[in-house]
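Counting with the UniProt record's numbering, you get residues 1 to 344 for the letters of the sequence shown.
We put the CB at the ideal spot given by N, CA and C, even for glycine.
What follows is one structure encoded as structure tokens, with my remarks underneath.
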Amino acid sequence: MLQHPDEDNTMQAVCFKEPGGPEKLYLGRVPKPEPKDGEVLVKVYATALNRADVLQRKGLYPAPPGTGEILGLEAAGMVTGFGPGLRTNYKLGDKVMALLSGGGYAQYVAVPEELLMPVPSHLTLDEAAAIPEAWLTAYQLLHLIAQVKEGESVLIHAGASGVGTAAIQLARLFCAIPLVTAGSPDKLKIAEKLGAAAGFNYKDGDFSDKILQFTQGRGVDVILDCIGGSYWEKNLRSLAMDGRWVLYGVMGGKAVDGDLLGKLLFKRGHILSSLLRSRSLQYKAELVGSFIEQALPHFQSAELPTSLKPIIDTIFNMEDITEAHRHMEANKNTGKIIIKVSET
1 MLQHPDEDNT MQAVCFKEPG GPEKLYLGRV PKPEPKDGEV LVKVYATALN
51 RADVLQRKGL YPAPPGTGEI LGLEAAGMVT GFGPGLRTNY KLGDKVMALL
101 SGGGYAQYVA VPEELLMPVP SHLTLDEAAA IPEAWLTAYQ LLHLIAQVKE
151 GESVLIHAGA SGVGTAAIQL ARLFCAIPLV TAGSPDKLKI AEKLGAAAGF
201 NYKDGDFSDK ILQFTQGRGV DVILDCIGGS YWEKNLRSLA MDGRWVLYGV
251 MGGKAVDGDL LGKLLFKRGH ILSSLLRSRS LQYKAELVGS FIEQALPHFQ
301 SAELPTSLKP IIDTIFNMED ITEAHRHMEA NKNTGKIIIK VSET
């Protein structure tokens, strides 16, 4: 396990000098951040992997301007300091989770106060680290972008991923009907246990045929799509008239070869797209505030019918970061991959 930082104002972090495979990642010492106006210093106990980390490591997804090169879009830990003159309800020692633009793969991170959330009382910091990026992404897509309504059907691709397992539960919270695609029977079983009304193995033929059969030919009202190009035709076949196709990733490629516009026009369909990382601080702050009000209370108890829970696949120590990235790239995970940075 990583040691506490030295007294020289440095800390340990995951670094990489050039783009490439997981083997490019290594542990190094970097300057410890100092919180600026409006920021809170958080000692990180756990962070979590996201596809954006893998893409950034490969050189395919540059960090937003003003963000350092340290990976990590979410973290959970303890408040250890404040920027000059900050007035906040958070106190030293409070357990918090944070939405980040980067920097989570390190022992400390400075976070705008508006992007912090209190850790629900019965959750561990490992569990809390699984919430910010995945759950806020799913919440944004369903609540703000698609504006899902009660009774609508929602097709969630990669239903066993971090965002997917969050979206299933949030769709149920919004009284919608979640359907999923995934690549194995085990992943589909977990998705259905979380509340998916049906699951379809994308490796077993054309999932759009099965979706049309399940919906009695109507199709789905909303599609949450992190795949992109390779799914465009199946998505349009699966989409109901006047449906909303929400694109938030292109894991299946960016190119489209065929009559996308004509088929979309026939369905009177809407294509919406969204990324969270590049959004403004004001947008993220409003999103976090809405999530704290509408969703976070449902993490407080596992006994409520509408309770929400982060799904954890594996917990790696920071020293094993290369193996953690390999695990994600092999699509082995169901739910979130957690990186333990420090002991509580």
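Cut-off 8 Å between Cβ atoms - residues of its own chain near residue i, not counting five sequence neighbours on either side
i	result
ASN201	THR181, ALA182, GLY183, SER184, PRO185, LEU188 and PHE207
LYS340	MET1, TYR45, ALA46, ASP126, ILE315, PHE316, ASN317 and MET318
GLN3	Residue placement at GLN3 cannot be trusted, given a pLDDT of 42 that sits under 50; the coordinates are not used to answer.
Straight-line Cα distance separating residue j from residue i
i	j	result
VAL250	ALA167	18 Å
MET117	LEU194	24 Å
VAL96	HIS327	27 Å
residue 388	LEU71	Outside the displayed range of the chain (1 to 344) lies residue 388, so it cannot be described from this structure.
residue 351	ILE292	A query on residue 351 cannot be resolved here, the shown segment of the chain reaching from 1 to 344 and no further.
GLY219	ASN89	47 Å
LEU170	SER342	30 Å
ASP94	LYS43	10 Å
GLY262	LYS234	14 Å
MET1	PHE316	Confidence in MET1 is poor, its pLDDT being 41 and thus under 50, which makes the residue's placement too unreliable to answer from.
GLY59	GLN216	44 Å
LEU247	ASP8	45 Å
GLY102	GLU18	17 Å
ALA106	PRO310	22 Å
GLU329	GLY81	36 Å
PRO5	TYR45	With a pLDDT of only 45 at PRO5, under 50, the local geometry of the prediction cannot be trusted, and the value read off the model is given with reservation. Rounded to the nearest angstrom, the two C-alpha atoms are 13 Å apart.
PRO178	LEU142	11 Å
LEU296	ILE131	10 Å
GLY21	ASP320	14 Å
GLN213	ARG237	12 Å
ILE227	LEU260	15 Å
ARG57	ASP209	37 Å
VAL14	LEU100	16 Å
ALA176	ALA285	26 Å
SER290	HIS157	24 Å
LEU265	LEU115	39 Å
HIS122	GLY28	33 Å
LYS24	GLY243	42 Å
ASP37	TRP232	45 Å
PHE174	LEU92	35 Å
residue 345	SER273	The structure shown does not extend to residue 345, since the chain is modelled only from 1 through 344, so no value can be given for it.
VAL30	LEU281	25 Å
One or two residues paired with residue i in a DSSP bridge
i	result
VAL180	ILE156 and GLY199
LYS336	ILE312
VAL82	Val is not the amino acid found at residue 82; the sequence shown has Phe there. Answer is VAL40, bridged to PHE82.
LEU272	VAL246
GLN12	ARG29
THR47	ALA75 and ILE339
GLU223	Before going on, a small fix: residue 223 reads as Ile here, not Glu. LEU155 and TRP245.
MET97	ALA76 and MET117
LEU239	VAL220
ASN89	None; ASN89 has no bridge partner.
ASN317	LYS340
Nonlocal neighbours in the same chain, by C-beta distance under 7 Å from residue i, ignoring five residues either side
i	result
ALA52	TYR61, LEU73 and ARG277
LEU239	GLY219, VAL220, ILE223, TRP245, LYS267 and GLY269
GLY229	VAL250, GLY252, GLY253, LYS254, ALA255 and VAL256
ALA324	LEU49, PHE316, ILE337 and ILE339
ALA197	ILE177, PRO178 and LEU179
MET241	LYS267 and ARG268
Residue i CB to nearest heavy atom of the ligand MG below 6 Å
i	result
ALA52	Inclusion of the ligand MG in the displayed structure is not the case, the ligand content being empty and no account of it being possible.
Same chain, Cβ closer than 6 Å to residue i, neighbours up to 5 away in sequence not counted
i	result
ALA110	PRO33, PRO35, GLU39 and LEU41
GLU192	GLY199
GLU127	PRO310
GLN300	PRO120
THR137	VAL163 and LEU276
residue 371	The displayed coordinates of the chain run from 1 to 344. Any statement about residue 371 would go beyond what the structure contains.
Original post:
Does the stretch 327-340 touch the stretch 154-170, meaning 3 or more C-beta pairs lie closer than 8 Å?
Top reply: Contact holds: three or more Cβ-Cβ distances are below 8 Å.
**OP:** Please list the segments of the beta strand (DSSP E) lying wholly inside the stretch 104-174, counting only runs of 3 or more residues, in order along the chain.
**Re:** As far as the stretch 104-174 is concerned, its whole beta strand (DSSP E) runs of at least 3 residues are 108-112, 116-118 and 153-156.
Original post:
When the Cβ atoms of the stretch 62-69 are set against those of the stretch 132-150, are three or more pairs found closer than 8 Å?
Top reply: Taking a cut-off of 8 Å on C-beta distances, the stretch 62-69 does not touch the stretch 132-150, as fewer than three cross pairs fall below it.
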